[in-house]
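Engineer:
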Amino acid sequence: MKIENNIEEFDSLGDDHIGTSSDTPLRNDAFKLSVEEKMDIIKDDVRHIMETLGLDLTDDSLRGTPNRVAKMFVKEIFSGLDPKRKPSASTFENKYKYGEMLVEKNITVYSTCEHHLLPIVGKAHVAYISNGSVIGLSKMNRIVDYFAKRPQVQERLTIQIVRELQQALNTQDVACVIDAKHLCVNSRGIRDIESSTVTSEFGGKFKEESTRREFLDYIKLDTKF
0 MKIENNIEEF DSLGDDHIGT SSDTPLRNDA FKLSVEEKMD IIKDDVRHIM
50 ETLGLDLTDD SLRGTPNRVA KMFVKEIFSG LDPKRKPSAS TFENKYKYGE
100 MLVEKNITVY STCEHHLLPI VGKAHVAYIS NGSVIGLSKM NRIVDYFAKR
150 PQVQERLTIQ IVRELQQALN TQDVACVIDA KHLCVNSRGI RDIESSTVTS
200 EFGGKFKEES TRREFLDYIK LDTKF
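In terms of numbering that gives the first Met the number 0, the numbers along the sequence shown are unbroken and rise by one, the last being 224.
Set out below in structure tokens:
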């Protein structure tokens, strides 16, 4: 009975999309183990899960799955947990004195819902107004990707992207909007395949109605090549 009650409680927390912190919850010893040690442990755990489900891991199609999943978890979809992989957010002097908004839109987001470990797939739109510094366009994409590559809540991801760019650019004038599909909603639970989730974070001048509206109008532009 106690186990059943816990399951109902945990399901409710996940389905209600609860987030506890704007920082990714990490233990103090999160980086004590090496990449290889983490992969070895995860490989054994995945094997145990598959065997518990009744799968035959001697089958040619399945026997490599624990290795593949361990590598995927550590080196790919959760690689953003490793601070060593954080992209350097080098900036440059705004010598051409560009003083208007810069928008990088339709940045692909591949993340993972921390409640069910299912994919979050969508687009991020990021903007800033220079305070004397500019950042390479690809760095904006890399920052989005870095924070996406971890178990996430979309609200937290949006905040983390804005905070990182604010720190790098030494300005509060940064904004981010993310529109994404959550497979924890689309493929299980309510199974609503049409819905998507939109989150936003506006800093500095983007809190002003006119500036925010300008940004939102830009991301509506239909860009075709």
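Note that the Cβ used here is the ideal one computed from N, Cα and C, for glycine as well.
Model, not experiment: these values are computed from the prediction.
What does DSSP give as the partner residue(s) for glutamate 103 in the beta ladder?
Structural biologist: Val125.
Engineer: Answer with buried or exposed for glycine 79, where buried requires no fewer than 16 other C-beta atoms within 10 angstroms of its C-beta.
Structural biologist: Flag for glycine 79 reads buried.
Engineer: Quick one: what does DSSP say glutamine 166 is sitting in, helix, strand or coil?
Structural biologist: The answer is helix: DSSP assigns glutamine 166 an H, G or I state.
Engineer: Decide yes or no for the touch test of the segment 87-99 against the segment 60-72: beta carbon pairs closer than 8 Å, at least 3 of them.
Structural biologist: In short, these stretches do not touch, since the Cβ pair count stays below three.
Engineer: So what does DSSP say about phenylalanine 72, is it helix, strand or coil?
Structural biologist: In this structure, phenylalanine 72 counts as helix in the three-state DSSP scheme.
Engineer: What residues match up with proline 118 in a beta bridge as DSSP calls it?
Structural biologist: Looking at the DSSP assignment, proline 118 forms a beta bridge with Thr111.
Engineer: Return the chain-ordered list of same chain residues with a C-beta closer than 6 Å to the C-beta of isoleucine 218, the five sequence neighbours on each side being excluded.
Structural biologist: So the qualifying residues of the chain are Lys104 and His124.
Engineer: Return the first residue and the last residue of the alpha helix (DSSP H) that threonine 51 is part of.
Structural biologist: 34-51 is the extent of the alpha helix (DSSP H) around threonine 51.
Engineer: Pick out whichever of Gln166, Leu32, Leu56 and Arg190 has its Cα sitting closest to the Cα of isoleucine 134.
Structural biologist: It is Gln166.
Engineer: Which first and last residues belong to the alpha helix (DSSP H) in which alanine 174 is found?
Structural biologist: Where alanine 174 is concerned, there is no enclosing alpha helix (DSSP H), although the beta strand (DSSP E) it sits in stretches over 173-181.
Engineer: Do proline 82 and arginine 141 have their C-beta atoms closer together than 8 Å?
Structural biologist: Cβ atoms of proline 82 and arginine 141: not closer than 8 Å.
Engineer: Check each candidate in Gly188, Ser110, Cys175 and Ala179 and name the one with the smallest Cα separation from phenylalanine 201.
Structural biologist: Of the candidates Gly188, Ser110, Cys175 and Ala179, the one whose C-alpha sits nearest the C-alpha of phenylalanine 201 is Cys175.
Engineer: Can you give me the C-alpha to C-alpha distance between isoleucine 40 and asparagine 169, rounded to a whole angstrom?
Structural biologist: Roughly 41 Å between the two C-alpha positions.
Engineer: Determine, for isoleucine 40, whether the minimum Cβ-Cβ distance to residues of chain D falls below 8 Å.
Structural biologist: The chain labelled as chain D is not found in the depicted structure, where only one protein chain is given.
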